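Numbering (our numbering), first residue to last: 5 to 222.
Idealized CB from N, CA, C, for every residue including glycine.
Quick caveat: nothing in here was measured; it's all calculated off a predicted structure.
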């Protein structure tokens, strides 16, 4: 039986992802031992791994370079791909929020400029949210730390992911609206889901057993 290839997200999700895979009986020692390699071929029935940027996980899975992958729901919502969402993994929790400088909290939303300038890494989700509210916004797409934008006068507020809110507070920002929330998900290639369904369902069952008590959303 051909082993699966899994796309794993580098960055903050990787340590817990490796922990969960290990708890599911999957050997990830090679990944832990070599922080520079990006591809690890299957070993027997043990899956192979591709280490890619979180936003690229669904791209590799959709293209069939990986049979399945682990990615945050935020990525799936912001850049939809033709992949099968198999499991809420119950970790990597986040919330997408609107935040403004603390001194402007009382002005939200009516007394802020009619044409809000919002800095974000999530333009699709931000545009959808404000459109539903009937609010005109100028979205400013940034790659780096969004918290700087309001303080530097680039934006009136931000739309960003938060976990604890400490980074917002440290930069003088406060949350005024929650847009959505979510967690890490297991996704699969649509063709692999048909041709390797048995192996994928075994993986789902093993990962289901590792889930903690927390529940994901969306």
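**Asked** From the DSSP output, which residues share a beta bridge with residue 184?
**Response** Beta-bridge pairing links residue 184 to 100.
**Asked** Do the stretch 90-110 and the stretch 43-53 meet, that is, are 3 or more Cβ pairs less than 8 Å apart?
**Response** With a cut-off of 8 Å, the stretch 43-53 and the stretch 90-110 do not count as touching, because too few Cβ pairs lie within range.
**Item:** Continuous beta strand (DSSP E) stretch holding residue 32: start and end
**Value:** Taken as a continuous stretch (DSSP letters only), residue 32 belongs to no beta strand (DSSP E), as it is neither H nor E.
**Message:** Can you tell me whether residue 10 is helix, strand or coil according to DSSP?
**Reply:** For residue 10, the three-state secondary structure derived from DSSP is strand.
**Message:** Considering just the uninterrupted stretch of the beta strand (DSSP E) at residue 135, what are its terminal residues?
**Reply:** Looking at the DSSP string, residue 135 is not in any beta strand (DSSP E); the run it does join, the alpha helix (DSSP H), is 127-136.
**Residue burial classification, residue 190 (beta-carbon count within 10 angstroms, cutoff 16)** = The residue is buried, with at least 16 neighbouring Cβ atoms inside 10 Å.
**Request:** Could you check what DSSP says for residue 199 in three-state terms: helix, strand or coil?
**Result:** It is helical.
**Request:** Write down every uninterrupted run of the beta strand (DSSP E) in the stretch 133-173 whose length is 3 residues or greater and which is fully enclosed by it, in chain order.
**Result:** Fully enclosed beta strand (DSSP E) runs of 3 or longer: 141-145 and 161-166.
**Prompt:** Among the residues of its own chain, which have a CB less than 7 Å from the CB of residue 64, if the five just before and after it don't count?
**Reply:** 11, 54, 56, 70 and 73.
**Prompt:** Can you name the start and end residues of the beta strand (DSSP E) that residue 92 belongs to?
**Reply:** Annotation: the continuous beta strand (DSSP E) that includes residue 92 extends over 87-92.
**Message:** Which residue marks the beginning of the beta strand (DSSP E) containing residue 21, and which one marks its end?
**Reply:** Counting along the chain, no beta strand (DSSP E) covers residue 21; the unbroken alpha helix (DSSP H) around it starts and ends at 18-27.
**Asked** What number of angstroms, rounded off, separates the C-alpha of residue 108 from the C-alpha of residue 155?
**Response** So the alpha carbons of these two residues sit roughly 12 Å apart.
**Message:** Three Cβ pairs or more, each shorter than 8 Å: is that satisfied between the stretch 174-183 and the stretch 79-97?
**Reply:** When C-beta atoms of the stretch 174-183 are compared with those of the stretch 79-97, fewer than three pairs fall below 8 Å, so the two segments do not count as touching.
**Prompt:** Quick one: what's residue 1 bridged to in DSSP?
**Reply:** This structure leaves residue 1 out entirely; the chain is present only between 5 and 222.
**Prompt:** Nearest CA to the CA of residue 88: which residue from 127, 205, 16 and 215?
**Reply:** Minimum Cα distance to residue 88 is reached at 205.
**Message:** DSSP three-state label for residue 62, please.
**Reply:** Helix, per DSSP.
**One or two residues paired with residue 192 in a DSSP bridge** = The secondary-structure analysis by DSSP pairs residue 192 across a beta bridge with 72 and 88.
**Message:** Quick test of your reading: residue 160 and residue 122, contact by CB under 8 Å. State the CB separation rounded to the nearest angstrom.
**Reply:** So it is a contact: roughly 7 Å between Cβ atoms.
**Asked** Beta carbon of residue 165, beta carbon of residue 133: below 9 Å?
**Response** A distance of 9 Å or more separates the beta carbons of residue 165 and residue 133.
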